[in-house]
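In my numbering, the protein residues as written are 6 to 124. Every residue, glycine too, gets a C-beta built ideally from N, C-alpha and C.
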């Protein structure tokens with residue numbers, strides 16, 4: 006049986022604390038996925054794959070209640086940024102909890118059940 010994230014490329018978008026981002030990236034690598042670390046590498050991979058097998062991972066900060074000056078929550082901004090980029094390159098979007106849930110279950114979880122968007 007192939008590794009859990011075999012054939013998938015992950016790009017972490019938005020605000021993550023550096024140690025936590027590293028921990029999540031290590032999980033992806035240990036489960037057979039690839040981590041795209043820069044926007045240019047993301048764009049190159051998106052053009053090379055047909056269909057793209059890229060998942061943009063954003064940080065889900067539950068209950069932080071922090072809003073920007075225009076009244077939009079930080080989490081809503083992260084989701085909007087990830088969704089916009091995903092639409093441009095044909096990727097899927099998932100909150101970091103989807104990644105953790107998939108590893109814990111040893112199987113890819115439905116993106117919609119983790120509060121993620123599928124583009």
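Rounded to whole angstroms, residue 12 and residue 78 show a C-alpha spacing of 33 Å. The beta-carbon distance between residue 29 and residue 17, rounded to whole angstroms, is 7 Å. This is short enough to meet the 8 Å contact definition. The C-alpha of residue 37 is placed about 8 Å away from the C-alpha of residue 7.
Under the three-state reduction of DSSP, residue 61 is assigned to strand. For the options 49, 39 and 80, the alpha carbon positioned closest to that of residue 60 is the one of 39. Segment contact: the segment 38–53 against the segment 80–97, three or more CB-CB distances shorter than 8 Å; contact assigned. For the pair residue 107 and residue 116, the CB atoms are not nearer than the 7 Å cut-off. Of 87, 26 and 105, the smallest CA-CA separation from residue 98 is found for 87. One Cα belongs to residue 84, the other to residue 110, and the distance between them is close to 24 Å.
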